[in-house]
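For the sequence shown, our numbering assigns the number 251 to the initial residue and increments by one for each residue that follows.
Notes follow once the structure below has been shown.
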Amino acid sequence: MAKKKGRDSNSKKALKAEKAFKAQTKSAAKAKKKASKLGDEDADDVNIDDILEEYAREQANFLAVKITQTARPSKRLNATLIPSPAHHGRKELFLFGGEAVNRTGLAEFYNDLFVYSVETNIWRKVTSPNTPLPRSGHAMCVHPTTGVILLFGGEFSSPKQNTFYHYGDSWLLDGTTREWTKLDVKKGPSARSGHRMTYWKNYILLHGGFRDLSQSTTYLGDLWAFDVTTYKWQQIEFPTSAMKPEPRSGHSFLPTEEGAVVWGGYSKVKNSQKKIVGKVHIDSWTLKLSSDLKTPRWERRRKSGWAPSPRVGCSMMFHKGRGILFGGVYDTEETEETLDSVFYNDVYAYQISTNKWFPLTLRPPRKKPVQQEKTSTKTKTNELEANLSRLLGEIENEEARDVKLEDDSESEVSDEEGITKVDHPVTLSLPHPRFNSATAALQDSLYIYGGVWEQGDRELTLDSMYAIDLGKLEGVRVIWEDFAEDLAQAEQDEETDDDMDDEDEDEEDEDMDEEEEDGKEDAPEEMQVDDADELADVAFGLELAPDPRPFLPHPRPFESLRVFYSRTGNEFMEWAISNNKDGSKRAKELKRDAFELCEERWWERWEEVRAQEDQLEELGGIGEIVEREAKTGKSRR
251 MAKKKGRDSN SKKALKAEKA FKAQTKSAAK AKKKASKLGD EDADDVNIDD ILEEYAREQA
311 NFLAVKITQT ARPSKRLNAT LIPSPAHHGR KELFLFGGEA VNRTGLAEFY NDLFVYSVET
371 NIWRKVTSPN TPLPRSGHAM CVHPTTGVIL LFGGEFSSPK QNTFYHYGDS WLLDGTTREW
431 TKLDVKKGPS ARSGHRMTYW KNYILLHGGF RDLSQSTTYL GDLWAFDVTT YKWQQIEFPT
491 SAMKPEPRSG HSFLPTEEGA VVWGGYSKVK NSQKKIVGKV HIDSWTLKLS SDLKTPRWER
551 RRKSGWAPSP RVGCSMMFHK GRGILFGGVY DTEETEETLD SVFYNDVYAY QISTNKWFPL
611 TLRPPRKKPV QQEKTSTKTK TNELEANLSR LLGEIENEEA RDVKLEDDSE SEVSDEEGIT
671 KVDHPVTLSL PHPRFNSATA ALQDSLYIYG GVWEQGDREL TLDSMYAIDL GKLEGVRVIW
731 EDFAEDLAQA EQDEETDDDM DDEDEDEEDE DMDEEEEDGK EDAPEEMQVD DADELADVAF
791 GLELAPDPRP FLPHPRPFES LRVFYSRTGN EFMEWAISNN KDGSKRAKEL KRDAFELCEE
851 RWWERWEEVR AQEDQLEELG GIGEIVEREA KTGKSRR
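This is the structure in C-alpha cells:
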C-alpha cells in the first residue's frame, strides 16, 4: 500500500512538472512573438532597420498625395476658383470645396481639390488625408511673387441647414506638389465665411465676412494681414473715429500699389423701424497702408459713370490693373411671401487707378489683317533689336542678337510636346444670367464656373464653365454647359403655378391689390441701396477717363500689343534706361522692363481704345484691318 501511494505521488509530481514546463514554453513563445512585434532588440530574427522602414512606408502611404485624371467636377456652388502661381509656368486652375443640395433635399459639402489644365482640357482630382474639412464660402488667395496659396475660413451646416458652423483655420496649398499644410495659428481672424482676400507687398489681406449663429447673423468689417514670410496673422487697427467701410460680405477686394480697394457687398442692418433688412452696398473705398501697417486709413471714392446697377453675388477678379465683374442679382421684396429678383449676365471692367467703369460687350471676330506684301518676322525683330541696341551703346552685337523680345498674349502659343489643343465651341451670347459663380482670371482670359439662377421658388445650380478672352472679346468659349433640362423643367413648373394662380385670381383681386400696395410701400425699406444721393451720383453715358500718364505712348485703335510694342519699343527702352541709374541691369533685363511697361500701358488704356474702335465701326466702312510697318509702309499679318 505504501509503495502504491508513493508511486501515485511521484506520478502527480511528474505530471505537474510536465504541465509547468509546457506553460513555461508557451509563455516564452508568446513573449518572443510579442517582442518581435514590438521590435525587442533581444528577440531572434528582428531587424530594427526593417521595422523603422516599415513605419516610414506606412506613414508615407498615409500622407501620400494621389492625383488621378477624372471627369469634370460635380455641380456645386460657393466653391473657390483660383489660377496657379504665375512663376510655376503652368496654365492651370484650382477648384476647391463648395456645396450642393442632393436629390433628397439635404446639403452636401465638399473638400475635394480639382486641377484643370486649360491647354489640354483635362481635370485631375487631388486626394490626401491631410486636407481641409468640407466647406463652402471660404476664401483663397495666390500671392503673385512668392506663389503662396492661402485658404482661410468657410462654413459647414447640418444636412437640413438648420445649424451652421464657421471655420477659423488657415491652410497653405503647395501649387507644385498639391500638398496641404495646416498652420498652427495662435492669433488670427475669427471664424467666418463670405470674406474676401487680396495681396499687397509681402502680405495677404483679409477683410469682412459674416457669422451665421442661426438666431442672428453678424457682419464683420475688420482687416487682417498675413505675412507670407513668417506665416503669421496681424490685425490692422484703426482709430475709433476713423472713417471706414461698413461691415459686409461677398464684396470685391482688389490690390493696388498703396493697399487695396473695396467695392460693393451685402449686409443686414436695422432700418428706421428697427426691422432687420438687407442692404446692397454700392460704395467704393481705397485702403492706404504703410510698410509697418501702423498708419492705415480708408478713403471713400466718388461714384463714376457707367457703374453697374446695384447687385450682389458678383465679386470682381483682378486682371492687370483692373477688376473684371460678371453677373449678379438684385432682390426686391414685393410682399412678405414673394421675392422678385433681377439676374444679370453682363461684364464690366473697373479701372482701379482712374476709378472708372466700362461695360464690356462681345463683338464678332474681325477679319484677319490683309497681307499686301510678305515681310519676314525675323527681319522685323532684327530691325527693332538694332534700334534698341543703338540706345545701349555699350551692348555688344553678339549679346544684342541673343536677346529675344518678350511677346504678347495675342501671339499664338505653339503646341508643346504631348499637349493636344482643344477647340471649344464659341458663342456670341454671354452666359445665362446667374449669381455666385466662381470666377478666375488666368493670363488674359476670364473663366466662369457654375452659379445660381432662380425660377420662382426653385433654385438651380447651373452646371457649366466658360472662358472669355478679355483682350479680343470675340465670343465666349463654352467649355461645357449642361442645364437645359433643368431650365425647361423650372419654366414648366412656373407656368403650372401661374395657371393655378389665375384660377384663384378673381376671388382674391381685392386682397392682391392691397398686398401689392403694401409691397410697393415696403420695397424701398426691405432692400436698400446705400443712400439715395449715392445712386443719384451715378452718371450714365460714355465718359472717357483722363490719361493718368500722358507722357507715355498711347495705343491706337485696332492695334494689338505686339504691334504697339513694335512701334513704341524705343520710347519704352529710353524709359527703362533712365530708371537704371545705378547701371546694374543688363540689356536683357532692361528690355524686359521696357516690355512690361508697354504691356501695362496697353491694358491701362484698353477701355478707351475699345470705345474709339466701337465709334469707328459705327461710322461704317471698316471691313478689314491692315497693319502697316512703321518704316516701309508694307502690310503684314
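Ideal Cβ positions, reconstructed from N, Cα and C, are used throughout, including at glycine.
* Leaving out five residues on either side along the sequence, give the residues of the same chain with a beta carbon under 6 Å from the beta carbon of Asp783. => Because the pLDDT at Asp783 is just 39, under 50, the model does not fix this residue reliably, and the point stays unresolved.
* Asked: From Asp542, Gln693, Asn595, pick the residue whose C-alpha is nearest to that of Phe476; which is it?
  -> Asp542
* If Leu612 sits next to Val726, beta carbons under 8 Å apart, how far is it from one beta carbon to the other, in whole angstroms? -> 7 Å
* Asked: In this structure, does DSSP put Gln739 in helix, strand or coil?
  -> Three-state DSSP puts Gln739 in a helix.
* Sheet register partners of Trp421 (DSSP bridge) -> Leu401, Lys432
* Asked: Starting from Ser816 and walking both ways along the beta strand (DSSP E), at which residues does that stretch end?
  -> Here Ser816 belongs to no beta strand (DSSP E); instead the alpha helix (DSSP H) covers 811 to 828.
* **Spatial neighbours of Met940 in its chain, beta-carbon cut-off 6 Å, leaving aside the 5 residues before and after** => This structure leaves residue 940 out entirely; the chain is present only between 251 and 887.
* Three-state class that DSSP yields for Asp864 in the structure shown -> Three-state result, Asp864: helix.
* **For Arg552 and Ala786, the rounded distance between their alpha carbons** => Residue placement at Ala786 is poorly supported in this model, since its pLDDT is 35, which falls under 50; the coordinates are not used for a value here.
* Can you tell me which of the three DSSP states Gln465 falls into? => coil
* Asked: What is the C-beta distance between Ser502 and Gly573, in whole angstroms, given that I count them as a contact (C-beta under 8 Å)?
  -> 6 Å
* Asked: How would you label Val592, buried or exposed, when you count the other beta carbons within 10 angstroms and need 16 or more for buried?
  -> exposed
* Extent of the continuous alpha helix (DSSP H) to which Arg799 belongs -> Run containing Arg799: none; DSSP gives neither H nor E here.
* Determine which residues share a DSSP beta bridge with Phe346 and list them. => Thr330, Leu363
* Nearest to Asp362 by CA position, among Thr381, Ile298, Phe685, is which residue? -> When only C-alpha atoms are compared, the closest one is Thr381.
* Residue range of the alpha helix (DSSP H) that Trp474 falls in? -> That residue, Trp474, is in no alpha helix (DSSP H); its beta strand (DSSP E) goes 473 to 477.
* Sequence-distant residues of its chain with Cβ nearer than 6 Å to Phe814 (five each side left out) -> Pro805, Trp852
* So, using beta-carbon positions, are Asn328 and Glu358 closer together than 8 Å? -> no
* Continuous alpha helix (DSSP H) stretch holding Lys838: start and end -> 837 to 854
* To do: Can you have a look at Arg353 and say buried or exposed, based on whether 16 or more other CB atoms are within 10 angstroms of its CB?
  => exposed
* **Burial state of Thr318 (16 or more Cβ within 10 Å)** => exposed
* **Spatial neighbours of Thr677 in its chain, beta-carbon cut-off 8 Å, leaving aside the 5 residues before and after** => Gly725, Val726, Val728
* Backbone CA spacing between Asn452 and Arg446 [nearest angstrom] -> Take the alpha-carbon of Asn452 and the one of Arg446: they are about 17 Å apart.
* Asked: CA-CA distance, Pro717 and Phe576?
  -> For the record, residue 717 in the displayed sequence is Ala; it is not Pro. Their backbone Cα atoms lie some 12 Å apart in a straight line.
* Check whether Gly425 and Ser440 have beta carbons under 8 Å apart -> no
* Asked: Is Asp694 helix, strand or coil when you go by DSSP?
  -> coil
* Asked: What is the DSSP secondary structure of Phe406, reduced to helix, strand or coil?
  -> Strand.
* At least three beta-carbon pairs within less than 8 Å, the region 559 to 574 to the region 465 to 474 -> Counting Cβ pairs under 8 Å, fewer than three are found: no touch.
* **Integer Cβ distance of Leu610 from Leu723, believed to fall under 8 Å** => 6 Å
* **Cα-Cα separation, Glu369 to Arg799** => The alpha-carbon atoms of Glu369 and Arg799 are separated by roughly 36 Å.
* Three-state secondary structure assigned by DSSP to Asn311 -> helix
* Whole-angstrom distance between Asn820 and Gln862, CA atom to CA atom -> Using only the alpha carbons, I get a separation of about 25 Å.
* **Beta-bridge partners of Glu704, as assigned by DSSP** => Glu709
* Among Ala738, Leu712, Ala599, nearest to Ser695 - alpha-carbon criterion -> Here the closest residue by C-alpha is Ala599.
* Asked: Where DSSP assigns a beta bridge to Pro505, which residues make up the other side?
  -> Ala510
* To do: Verify whether the separation of the beta carbon atoms of Gly397 and His416 is less than 8 Å.
  => no
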